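Reading through the structure tokens given below for one structure.
2 protein chains.
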Amino acid sequence: MTIKKFLEQGERYFLPHLSIDCVVFGFHDGHLKVLLLEWSDMNEWCLPGGFIQHTEHMDDAAVRIVNERTGLKNIYLRQFYAFGDPLRQRNKVKKQMPKGAKPNSWIMKRFITIGYWALVEYSKAVPIPDQFSSQCSWVNVTKIPALILDHNHIIEKALQSLRLSLNDYPVGKDLLSEKFTMPELQRLYETVLNKKLDRRNFQKQILSLGILERLKEKKKGGAHKSPFLYRFDKRKYQLALKQGLRASVG
Amino acid sequence: MTIKKFLEQGERYFLPHLSIDCVVFGFHDGHLKVLLLEWSDMNEWCLPGGFIQHTEHMDDAAVRIVNERTGLKNIYLRQFYAFGDPLRQRNKVKKQMPKGAKPNSWIMKRFITIGYWALVEYSKAVPIPDQFSSQCSWVNVTKIPALILDHNHIIEKALQSLRLSLNDYPVGKDLLSEKFTMPELQRLYETVLNKKLDRRNFQKQILSLGILERLKEKKKGGAHKSPFLYRFDKRKYQLALKQGLRASVG
Chain A
84 MTIKKFLEQG ERYFLPHLSI DCVVFGFHDG HLKVLLLEWS DMNEWCLPGG
134 FIQHTEHMDD AAVRIVNERT GLKNIYLRQF YAFGDPLRQR NKVKKQMPKG
184 AKPNSWIMKR FITIGYWALV EYSKAVPIPD QFSSQCSWVN VTKIPALILD
234 HNHIIEKALQ SLRLSLNDYP VGKDLLSEKF TMPELQRLYE TVLNKKLDRR
284 NFQKQILSLG ILERLKEKKK GGAHKSPFLY RFDKRKYQLA LKQGLRASVG
Chain B
84 MTIKKFLEQG ERYFLPHLSI DCVVFGFHDG HLKVLLLEWS DMNEWCLPGG
134 FIQHTEHMDD AAVRIVNERT GLKNIYLRQF YAFGDPLRQR NKVKKQMPKG
184 AKPNSWIMKR FITIGYWALV EYSKAVPIPD QFSSQCSWVN VTKIPALILD
234 HNHIIEKALQ SLRLSLNDYP VGKDLLSEKF TMPELQRLYE TVLNKKLDRR
284 NFQKQILSLG ILERLKEKKK GGAHKSPFLY RFDKRKYQLA LKQGLRASVG
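Note that the protein sequences, when read in sequence, are chains A and B.
Residue numbering for the first sequence follows our numbering, starting at 84 and increasing by one per position.
Residue numbering for the second sequence follows our numbering, starting at 84 and increasing by one per position.
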């Protein structure tokens, strides 16, 4: 679809007043980043977002949007919140009108946006900007610039949801190597939570969830005592993703 | 608004394709119920739901909807999920057309619905049906009839969210007396989780959250040893509601 057609006739293809915004968090070696797009000609940064086709499932729309706008594939997205402030409309913030949009365009009206987040290993996920964007980049969560509309608030809410989800769902598959050490897993949790955790408590709690399998081999090559290697029990991990961590215990 | 005007001109007042459905859970004396409405003339049960006015905040719409449809006031609602299946439309399930609605009416189209839940003390919350409904009743969560559209699925998801939220947020204020015993609080958790909890583990975990205050007085009148009375520390309870339970610890 051309940008002109999108701006003038978008409502023929998409549900009006409804959008999707995706907060793709990237983890690598102790850093947590988020994927941002820069609108061409506007010098404005925003989340990768888009709209829902009339006969498309909303969750499918989220996957399609991330793929179309950033090039990333096979991203596991979790819906986390719907943002329903009536001031969420570009007409209220004139300077943020996309180039070529008229004031009465469908895209200038009020939008309720559904937020999704994902957590990926960013060194493996190389983003590509789409036709609307001049850049698509991983930005450190501590250094996010002022974004359009309420996108900064959406990222805050997504970060809260990601952190709370550590209580409820397992995290780590696809982010760590297949075999990993306890300190590597702890570092992932510390990065997401942005705080130090007690080594012994962490080990005790994470083992009590019953989703880890300790291997006989140890990690080699370090200067200190070789640490044990672990891997996720695939069946229990999947079960916990579906039912929550508490259900998987015992 | 008359029913005729609502069906014919609803889009003048409400955002199209968007609805809200509220799952109001009621707790009392070991029972967990949910508030359901019966459509007049249709013999169909459903959740109390409604639509978002063009300039209204979505969260305000949810509060208004519960009030208008059930008479309940001051309900603390938590948004939990948006349901985006393209089959969510009354045109796909002909028998569920509201009396007086035409096939091309706005209300027959696809709706994405935003789910909210609340937990109240049902013996204190006496519901009143609105003009669209012949009944508004508390129904035991284990005895819910077949509801319209995907409303049974919405209740299941709300129940999952309510149960997970026990890990993240405090529960009990406005559901128990101001002063309560540890067994009374445990019974509330057991009712919501629908399982027995170990007395000692429960007490240890709930005290570790730091939101309870043990009083000097004990409960009188029982046959056995008088149990201690507790109450919530208001400041810490409110903080935990905002920031999550983990943040309130320490």
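Just so you know, even glycine gets a beta-carbon here, dropped at the ideal spot from N, CA and C.
Predicted, not measured: the structure shown is a model, and the values here were computed from it.
query: How would you label Asp251 of chain B, buried or exposed, when you count the other beta carbons within 10 angstroms and need 16 or more for buried?
result: buried
- prompt: Does the Cβ of Ile103 of chain B have 16 or more other Cβ atoms within 10 Å, making it buried, or fewer, making it exposed?
  reply: buried
- prompt: Between the region 196-217 of chain A and chain B, which residues of the former have a C-beta closer than 8 angstroms to a C-beta of the latter?
  reply: Against chain B - using a Cβ distance shorter than 8 angstroms - the residues of the region 196-217 of chain A are Ile197.
message: Give the list of continuous beta strand (DSSP E) stretches no shorter than 3 residues that lie fully inside the region 112-188 of chain A.
response: 114-122 and 161-166
field: Members of the region 136-158 of chain A near chain B, C-beta cut-off 8 angstroms
entry: His137, Thr138, Glu139, His140, Met141, Asp142 and Ala144
- prompt: At least one CB of chain A closer than 8 angstroms to the CB of Ala184 of chain B: is that the case?
  reply: no
Listed by chain order, chain A residues near Asp112 of chain B by CB distance under 9 angstroms: Correct list: empty, because the minimum Cβ distance to chain A is about 25 angstroms.
message: Please tell me whether Arg161 of chain B and Trp200 of chain B are closer than 8 angstroms, where the distance is taken between their beta carbons.
response: yes
message: Distance cutoff 8 angstroms, beta carbons only. Does Val332 of chain A sit that close to anything in chain B?
response: For Val332 of chain A, the predicted structure reports a pLDDT of 39, less than 50, and the residue's modelled location is therefore unreliable. A value from the coordinates is still provided. Cβ-Cβ to chain B under 8 angstroms: no for Val332 of chain A.
message: Please tell me whether Cys219 of chain B and Pro210 of chain B are closer than 8 angstroms, where the distance is taken between their beta carbons.
response: yes
Within 8 angstroms, strictly: CB atoms of Gly198 of chain A and Ala241 of chain A: yes
- prompt: What does DSSP give as the partner residues of Gln66 of chain B in its beta bridges?
  reply: Lying before the first or after the last residue shown, residue 66 of chain B is absent from chain B, which here runs from 84 to 333.
- request: Give every residue of the same chain whose Cβ lies closer than 7 angstroms to the Cβ of Tyr159 of chain B, excluding the five residues on either side of it in the sequence, and list them in chain order.
  value: Ala201
- prompt: Which residues mark the beginning and the end of the beta strand (DSSP E) in which Gly93 of chain B is found?
  reply: Taken as a continuous stretch (DSSP letters only), Gly93 of chain B belongs to no beta strand (DSSP E), being part of the alpha helix (DSSP H) at Ile86 to Tyr96.
field: Top-ranked residue by Cα proximity to Phe166 of chain A, from A:Thr225, A:Asp233, A:Asn187 and A:Asn126
entry: A:Asp233
- request: With DSSP as the reference, label Ala201 of chain B as helix, strand or coil.
  value: strand
task: Have a look at Ser206 of chain A and His114 of chain A and give me their C-alpha separation to the nearest angstrom.
output: 11 angstroms
Boundaries of the alpha helix (DSSP H) in which Tyr252 of chain B is found, first to last residue: Tyr252 of chain B -> no alpha helix (DSSP H), and no H or E assigned at all.
query: Can you tell me the Cα-Cα spacing of Pro186 of chain B and Gly93 of chain A, whole angstroms?
result: About 25 angstroms.
- request: Could you spell out the range, first to last residue, of the alpha helix (DSSP H) harbouring Arg193 of chain B?
  value: Where Arg193 of chain B is concerned, there is no enclosing alpha helix (DSSP H), given that its DSSP letter is neither H nor E.
field: Cutoff 8 angstroms: Asn250 of chain A Cβ touching any chain B Cβ
entry: Chain B, which has a Cβ nearer than 8 angstroms to the Cβ of Asn250 of chain A, makes this yes.
- prompt: Name the chain A residues that come within less than 9 angstroms of Leu98 of chain B, Cβ to Cβ?
  reply: Pro99, His100, Leu101, Arg193 and Ile195
query: So, helix, strand or coil for Leu312 of chain B, using DSSP?
result: strand
message: Just to confirm my understanding: we take Gly154 of chain A, look at its own chain, exclude 5 residues before and 5 after, and list those with CB closer than 7 angstroms. What are they?
response: Pro210 and Ile211
task: Can you pull the chain A residues whose beta carbon is under 7 angstroms from the beta carbon of Pro169 of chain B, in chain order?
output: Thr138, Glu139 and His140
message: Under 7 angstroms, CB to CB, which of the residues in the region 222-252 of chain A have a partner in chain B?
response: Leu247, Asn250 and Asp251
Given Val222 of chain A as reference, the closest of A:Val106, A:Leu98 and A:Thr85 once Cα atoms are compared: A:Val106
message: Taking the alpha helix (DSSP H) that Lys278 of chain A belongs to, which residues open and close that run?
response: Taken as a continuous stretch (DSSP letters only), Lys278 of chain A belongs to no alpha helix (DSSP H), as it is neither H nor E.
message: According to DSSP, simplified to helix, strand and coil, what is Lys317 of chain B?
response: helix
- prompt: Going by other Cβ atoms of all chains shown within 10 Å of its Cβ, with 16 needed for buried, is Ser309 of chain B buried or exposed?
  reply: exposed
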